[in-house]
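Participant: Numbering (the numbering used here), first residue to last: 167 to 1110.
Positions of the beta carbon are idealized from the N, C-alpha and C atoms, including for glycine.
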Amino acid sequence: LGHHLTELDVSHNRLTALGAEVVSALRELRKLNLSHNQLPALPAQLGALARLEELDVSFNRLTHLPDSLSCLSRLRTLDVDHNQLTAFPRQLLQLVALEELDVSSNRLRGLPEDISALCALKILWLSGAELGTLPAGFCELASLESLMLDNNGLQALPAQFSRLQRLKMLNLSSNLLEEFPAALLPLAGLEELYLSRNQLTSVPSLISGLGRLLTLWLDNNRIRYLPDSIVELTGLEELVLQGNQIAVLPDNFGQLSRVGLWKIKDNPLIQPPYEVCMKGIPYIAAYQKELAHSQPAVQPRLKLLLMGHKAAGKTLLRHCLTEERVEGCPGGGDKEKCYPPSPPPVSKGIEVTSWTADASRGLRFIVYDLAGDESYEVIQPFFLSPGALYVLVVNLATYEPRRFSTTVGSFLHRVGARVPHAVVCIVGTHADLCGERELEEKCLDIHRQIALQEKHDAEGLSRLAQVVDEALARDFELRSASPHAAYYGVSDKNLRRRKAHFQYLLNHRLQILSPVLPVSCRDPRHLQRLRDKLLSVAEHREIFPNLHRVLPRSWQVLEELHFQPPQAQRLWLSWWDSARLGLQAGLTEDRLQSALSYLHESGKLLYFEDSPALKEHVFHNLTRLIDILNVFFQRDPSLLLHKLLLGTSGEGKAEGESSPPLALPTPSQELLRATQLHQYVEGFLLHGLLPAHVIRLLLKPHVQAQQDLQLLLELLEKMGLCYCLNKPKGKPLNGSTAWYKFPCYVQNEVPHAEAWINGTNLAGQSFVAEQLQIEYSFPFTFPPGLFARYSVQINSHVVHRSDGKFQIFAYRGKVPVVVSYRPAKGVLQPDTLSIASHASLPNIWTAWQAITPLVEELNVLLQEWPGLHYTVHILCSKCLKRGSPNPHAFPGELLSQPRPEGVAEIICPKNGSERVNVALVYPPTPTVISPCSKKNVGEKHRNQ
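(1) May I have the straight-line CA-CA distance separating residue 558 from residue 1037, to the nearest angstrom?
(2) Once DSSP output is grouped into helix, strand and coil, what is the label at residue 982?
(3) Please give me, in chain order, every unbroken run of the beta strand (DSSP E) with length at least 3 that falls completely inside the stretch 967 to 1050.
(4) Answer with buried or exposed for residue 677, where buried requires no fewer than 16 other C-beta atoms within 10 angstroms of its C-beta.
(5) Using a 10 Å radius around the Cβ and a threshold of 16 neighbouring Cβ atoms, would you call residue 478 buried or exposed?
(6) Roughly how many angstroms separate the alpha carbons of residue 971 and residue 800, rounded to a whole number?
(7) Let's test the definition: count the other Cβ atoms within 10 Å of the Cβ of residue 757 and tell me whether it reaches 16, buried, or not, exposed.
(8) Look at the alpha carbon of residue 904 and the alpha carbon of residue 891, and state the distance between them as a whole number of angstroms.
(9) Report back the beta-carbon spacing between residue 306 and residue 339 to the nearest angstrom; my notes put them in contact at under 8 Å.
(10) CA-CA distance, residue 522 and residue 550?
(11) Looking only at C-alpha atoms, which of 524, 554, 532 and 515 sits nearest to residue 540?
(12) Decide if residue 726 is buried, meaning its Cβ has at least 16 other Cβ atoms within 10 Å, or exposed.
(13) Buried or exposed: where does residue 248 fall if 16 or more other Cβ atoms within 10 Å of its Cβ makes it buried?
(14) How far does the beta strand (DSSP E) with residue 467 in it reach, from first residue to last?
(15) Could you pull out every residue in the same chain whose Cβ sits closer than 7 Å to the Cβ of residue 253, ignoring the five residues on either side in sequence?
(16) Check residue 385 in the structure and name its three-state DSSP category.
(17) What's the C-alpha gap between residue 197 and residue 1067?
(18) Going by DSSP in three states, residue 924 sits in which element: helix, strand or coil?
(19) Please name the residue or residues paired with residue 336 in a DSSP beta bridge.
(20) For the stretch 571 to 625, list the beta strand (DSSP E) runs that are entirely contained and at least 3 residues long, ordered along the chain.
(21) So, with DSSP's three-state summary, where would you put residue 235?
(22) Is residue 781 buried or exposed, if buried means 16 or more other CB atoms sit within 10 Å of its CB?
(23) Mark residue 1018 as exposed unless 16 or more other C-beta atoms lie within 10 angstroms of its C-beta, in which case mark it buried.
(24) Buried or exposed: residue 808, going by 16 or more other Cβ atoms within 10 Å of its Cβ?
(25) Which same chain residues end up closer than 8 Å to residue 538 when comparing Cβ atoms and leaving out the 5 residues on each side of it in sequence?
(26) Going by DSSP, what residue range makes up the alpha helix (DSSP H) through residue 1134?
(27) Exposed or buried, what is residue 180 when buried is set at 16 or more other beta-carbons lying within 10 Å of its beta-carbon?
(28) My understanding is that residue 589 touches residue 709, with C-beta atoms under 8 Å, so please give their C-beta distance in whole angstroms.
(29) Look at the Cβ atom of residue 858, then the Cβ atom of residue 911, and state whether they are nearer than 8 Å.
(30) What does the alpha-carbon distance come out to for the pair residue 271 and residue 176?
(31) If you drop the 5 nearest sequence neighbours on each side, which residues of the same chain put their C-beta closer than 6 Å to that of residue 788?
(32) Would you mind working out which of 968, 358, 798 and 992 sits nearest residue 986, comparing C-alpha positions?
(33) Short check: CB of residue 886 to CB of residue 965, under 8 Å?
(34) Which residue wins for smallest C-alpha separation from residue 482, given the options 739, 455, 454 and 519?
(35) Quick one: grab the DSSP three-state call for residue 783.
(36) Does the count of Cβ pairs from the stretch 677 to 687 and the stretch 1074 to 1083 closer than 8 Å reach three?
See the structure below:
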């Protein structure tokens, strides 16, 4: 048989040797695949396979190649990547027919001058070969079409590099280039250019000469601006610019209309505004067109957020900062007339105030006073946004060093996770209640503990990044062969992504202004000093460049029109109402979309263009909307009951409702009604349950019409605050009462409050044959309200659910799923959130099918926290089955990788003799192309 064999694939077989007599018998062989084995050497007889055209020996342990390899005169493709070569094999220089060569991930450290002998070479892979320079002879490879030089140490390219005129694809990512290589500019045929992760500071204007360019990746460099000529690259389909220092995009950027893959985040964009740029090229085009056709307007208005623990003094501080002062203060006037009288104002939840800080300079703040009560934590993150100034308020009178974590540290972690690189000012209130020495000691302690927390976090992240570096330094095959190795089985691509995230977290630490500013609201000098500090920070162009950005005048007019009578009093406007306002502002219907999208992204109004239920409405009255949110998150039962009783007084049949009126005339009936309403309040505070008609009572006078109520409930669902409990998916309720669930109010551990509404009961857990469990771990901070919002987001994926405060039992079809949150029990322990299911081993695919959509929903929510450090693991099914309190955790990166070929079981490091079926660790279908696939050169580039 061997004498007639033309193709042979023995990859993934753990071969340690190849018999010479076997090779000698394969005289007719044209294709031979020996990849992913453990071969330390190749037999010399390989050179006798005169008809061989393709040879793959990648992912082995080769330290050299046999000299006889030079005899393979017909060889067209050779893959030697991921071996242990320490120099370029000179035997290869004799292979003049070679068209594709891959010697990536070998420590070559250099190339021979006479590499030009490979004159037929079209595709050359030199990724991760530790190259510092290229020889002049390299530039004689005139047939080259695709060249991969990423992950090397190149600081420049030879001037003769421009001779490679047939080059279509060039990857120079992850090198040490500080200047854009001038030798690339004459390569007119270039279609794909990758320069990611270098140290470039600019892009030459002559780049417009690369007229055939389809793909341009310049991410994670130090580029401060783009040349105007880049807009002439009208054929571009991929443009990746994220992770640079670009503040302004060139005019006419919208000409790049064919760009489909567009990444621009992590740039200090001012023009167009960041919110516009993130929406894509069409929105940039609309913005620039609008700016060109209307008078520009500068809008100096900064968002100021007051946050801190309950009773920190935020509300009093807001009143003192924003209220008008009597002429003559602070120069010795009557303090009682200058500042709010005693007793101090009490927070009513989240409150918004406009503050003209300096009329002469036109500098205004929008001040958000975020309630410190824990019940508001689920909605607080919605108000934390980039480009704001954060004032963390600490009550110095009650502050103690042991309470630093709850009063200061946790808030810093929260802001840093939601808004990386945010600017934070620490203000200590009630300074008048502290002695001079006490005041100094407390301010110094806060300052010291902030520095210690920051040092601890940064050092921890650096150590984790070092572990990733060490894993990357090891060969993938070696890493995959050792279950005890860090990042066991994780691909280089996933490791590089992990490393980039750690680097991002380290480079985007909070900007904490020091020192702590002690303030007494009874001392005008303290308040003036705080005002001066806030104004000086706000006017700093490098800290808040967005404050000085220019907007199209029509966009500013549209915003102003939304807040003028009569529409200012309404809760929402229809899209057509906004369109009519747009016409008044000079915006035609086709240009309105971009303006509304910007106003939404910048937090001026809410417009959900991606929601079928909400896209026809614009929620412009945010103050009124916040008042409504405050009603829902007020946990005082007497206050809630009072609102309901007020709502029933004089209540007749509501517009659009067929239910009978709630208000009854006789005293006994009124008592009955009060008792009934009290039960609703109890159900709400214990189980988070309310029927729609009671919600309407609760919201009077904020909501009048039934349509307002329905839209509001759709909005609350969109925000992840509640969901309709008994509404069939995609069907109306047919007149029955709609019940809504607010997960953040659930108090009991494993409730069954829904059973009497749904008529269902969750059966006891069946015998667990094999268990799948994905665990998310949060070492620094767990996003407030995340579990409650996640509970809402998964509702469309599950049935027969039963919610506890920290646990959800449900089904995906007939497959059970359990979602559990476990708060940290100590400072050194992380919070965890896990998603689990179970099935017999032959049916384990059903468990994967059940949990995968839930994992994806959680990942979407976590994208709202770009500065959050968390890890994902797949817990060992065998350990779980044994009841181990500390099961082994496989890296969560394996979820995005295909199952390894030829591997049926994986060793659990907790018990070296125990093997885990690969189906219990990897999902059933690969989510990325295998790194060794070469069906498409571009695909292989992206995977590596």
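Facilitator: The relevant details are as follows:
(1) C-alpha separation (whole angstroms): 28 Å.
(2) Reduced to three states, the DSSP call for residue 982 is strand.
(3) Listed in chain order, the complete beta strand (DSSP E) runs (minimum 3 residues) inside the stretch 967 to 1050 are 973 to 978, 981 to 988, 997 to 1005 and 1037 to 1041.
(4) Per the 10 Å Cβ criterion, exposed.
(5) Classification of residue 478: buried, given that the 10 Å Cβ count is 16 or more.
(6) In a straight line, the C-alpha of residue 971 is about 18 Å away from that of residue 800.
(7) Under this definition residue 757 is a buried residue.
(8) Roughly 7 Å separates the two Cα atoms.
(9) Actually they are not in contact, since the Cβ atoms of residue 306 and residue 339 sit about 24 Å apart, beyond 8 Å.
(10) Straight-line Cα distance between these residues: approximately 21 Å.
(11) Cα-wise, what sits closest to residue 540 is 515.
(12) Counting every other CB atom within 10 Å of its CB across the protein chains shown gives residue 726 a total below 16, marking it as exposed.
(13) When all chains shown are included, residue 248 counts as buried.
(14) Taken as a continuous stretch (DSSP letters only), the beta strand (DSSP E) holding residue 467 covers 467 to 473.
(15) For residue 253, where only same-chain residues beyond five positions count, the Cβ hits under 7 Å are 274.
(16) Of the three classes helix, strand and coil, the one that applies to residue 385 here is coil, per DSSP.
(17) Rounded to whole angstroms, residue 197 to residue 1067 spans 20 Å at the Cα level.
(18) Only weak support exists for where residue 924 lies, its pLDDT of 40 falling under 50; the value from the coordinates is given anyway. Here residue 924 sits in helix by DSSP.
(19) Residue 336 is bridged to 313 and 359.
(20) Secondary structure within the stretch 571 to 625: the beta strand (DSSP E) runs of 3 or more consecutive residues, fully enclosed, are 589 to 595 (chain order).
(21) Here residue 235 sits in helix by DSSP.
(22) Around the beta carbon of residue 781, fewer than 16 other beta carbons sit within 10 angstroms, so the residue counts as exposed.
(23) With a 10 Å radius around the Cβ and a threshold of 16 neighbouring Cβ atoms, residue 1018 comes out buried.
(24) It is exposed - the Cβ of residue 808 has fewer than 16 other Cβ atoms within 10 Å.
(25) The answer, listed in chain order, is 473, 474, 475, 476, 477, 478, 480 and 513.
(26) As displayed, the chain neither begins before 167 nor continues past 1110, which places residue 1134 out of reach and without an answer.
(27) The residue is exposed, with fewer than 16 neighbouring Cβ atoms inside 10 Å.
(28) Yes, they are in contact, since the Cβ atoms of residue 589 and residue 709 sit about 6 Å apart, within 8 Å.
(29) No, these two residues do not count as a Cβ contact at 8 Å.
(30) In a straight line, the C-alpha of residue 271 is about 22 Å away from that of residue 176.
(31) Excluding residues within five positions, none has a Cβ falling inside 6 Å.
(32) Ranking the options by Cα distance to residue 986, first place goes to 968.
(33) No, the pair does not count as a contact, with Cβ atoms beyond the cut-off.
(34) Residue nearest to residue 482 within the set 739, 455, 454 and 519 is 519 (criterion: CA-CA distance).
(35) In the three-state scheme derived from DSSP, where H, G and I count as helix and E and B as strand, residue 783 is classed as strand.
(36) Contact fails: fewer than three Cβ-Cβ distances are below 8 Å.
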